[in-house]
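Numbering (my numbering), first residue to last: 157 to 469.
The structure appears right after this line, and notes come after that.
What follows is the structure in structure tokens.
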């Protein structure tokens, strides 16, 4: 009988412990969700709700006041995919990415490589090359607007020294996108320089010494040893740069407003014009969703194809 009672007491004790453990788990979950609640609320307000609202608006037609007038399902998407202007804007966007992303990465990597040493005074150059990261798009656009000025701008002034005619940087369709790209490369330089410099600092000094002892020159060492070790950092910088280039708006709005002759009218600026200037929220939302899908597909493609060449050792 005593054995039966002890077994029963043991069983009851296990049940009480199990109940207490479940109660403790529920308390931990409740506490965790309490701390997460502000973040979840912000995500709902500023991410999930606007996304769902965009999906709804993309299937509607709005009146001149911006009010929903008719639900048209996928008619806005069909209209866009049949529109020559949409493909023209997409082509300008892709050309802008081609101008800015590879150039920004190569330029920032070059600056990071030449300043990755312990020579005296190198800290000054590191500070100068990192400086664009603290300058806002609006301020940077005003600075470059003055540089691009056709008569009083410093760029044309320097060109006059070598007897080159002034260039209409922002008023010629052949030069406008290049001008915006130059300013964007300069704006991106600070962030990319800091990221790539940090990656270079993670390369062990012993590798440089070993390569030097084996007779490898600086260029060969950089190509054969440093670049493979730096590939995760370069891959991250590439992903961020492509996404950022798709979302470029501020400098285009300030410097060219999509012109001249739509030569700088990227998709983001077209979304702004349709939605917030012409109050065509349906077409604007449809373009935003198509842009989201393009960015998503390109990001997945980069992870699928390019990540195979990344060395994480």
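C-beta atoms are modelled at their ideal positions from N, C-alpha and C, and glycine is treated no differently.
- For the pair residue 248 and residue 422, the CB atoms are nearer than the 7 Å cut-off.
- Looking at the backbone, the Cα of residue 384 and that of residue 466 are separated by about 7 Å.
- Straight through space, the alpha carbons of residue 270 and residue 426 are spaced by roughly 40 Å.
- The region 324-343 and the region 409-420 touch, with three or more beta-carbon pairs separated by less than 8 Å.
- Residue state for residue 271 is assigned as coil, using DSSP reduced to three classes.
- Across the set 458, 360 and 438, the C-alpha of 438 shows the shortest separation from the C-alpha of residue 215.
- In the DSSP assignment, residue 216 falls outside any alpha helix (DSSP H) and within the unbroken beta strand (DSSP E) covering 216-218.
- In the three-state reduction of the DSSP assignment, residue 290 falls in the helix class.
- By the neighbour-count definition (other C-beta atoms within 10 Å, threshold 16), residue 333 is a buried residue.
- In the structure shown, residue 402 adopts helical secondary structure according to DSSP, grouped into three states.
- Residue 349 counts as buried, since at least 16 other C-beta atoms from the protein chains shown sit within 10 angstroms of its C-beta.
- Under the DSSP assignment, residue 202 falls outside any alpha helix (DSSP H); it carries neither an H nor an E label.
- For residue 330, there is no enclosing beta strand (DSSP E); the enclosing alpha helix (DSSP H) covers residues 329-357.
- Contact check for residue 301 and residue 198: beta-carbon distance about 35 Å, past the 8 Å limit, so the pair fails to qualify.
- Using a 10 angstroms sphere on the CB of residue 428, the tally of other CB atoms reaches 16 or more, which defines it as buried.
- The three-state reading of DSSP puts residue 228 in coil, since its state is none of H, G, I, E or B.
- Secondary structure at residue 443: helix, using DSSP grouped into helix, strand and coil.
- Here residue 431 is not near residue 352, since their CB atoms are 7 Å or more apart.
- Less than 7 Å divides the Cβ of residue 260 from the Cβ of residue 341.
- Taking a cut-off of 8 Å for Cβ pairs, the region 392-405 and the region 446-459 touch, as three or more such pairs fall below it.
- Annotated three-state conformation of residue 194 is helix, per DSSP.
- Proximity to residue 344 across 443, 211, 189 and 291 peaks at 291, based on C-alpha coordinates.
- DSSP places residue 380 within a helical segment (H, G or I) once states are collapsed to three.
- Per the C-alpha coordinates, the member of 338, 359 and 381 positioned closest to residue 255 is 338.
- Annotated three-state conformation of residue 247 is helix, per DSSP.
- For residue 321, the three-state secondary structure derived from DSSP is coil.
- In the three-state reduction of the DSSP assignment, residue 417 falls in the coil class, being assigned neither a helical nor a strand state.
- Three or more Cβ pairs closer than 8 Å define a contact, and the region 210-224 meets that threshold against the region 442-453.
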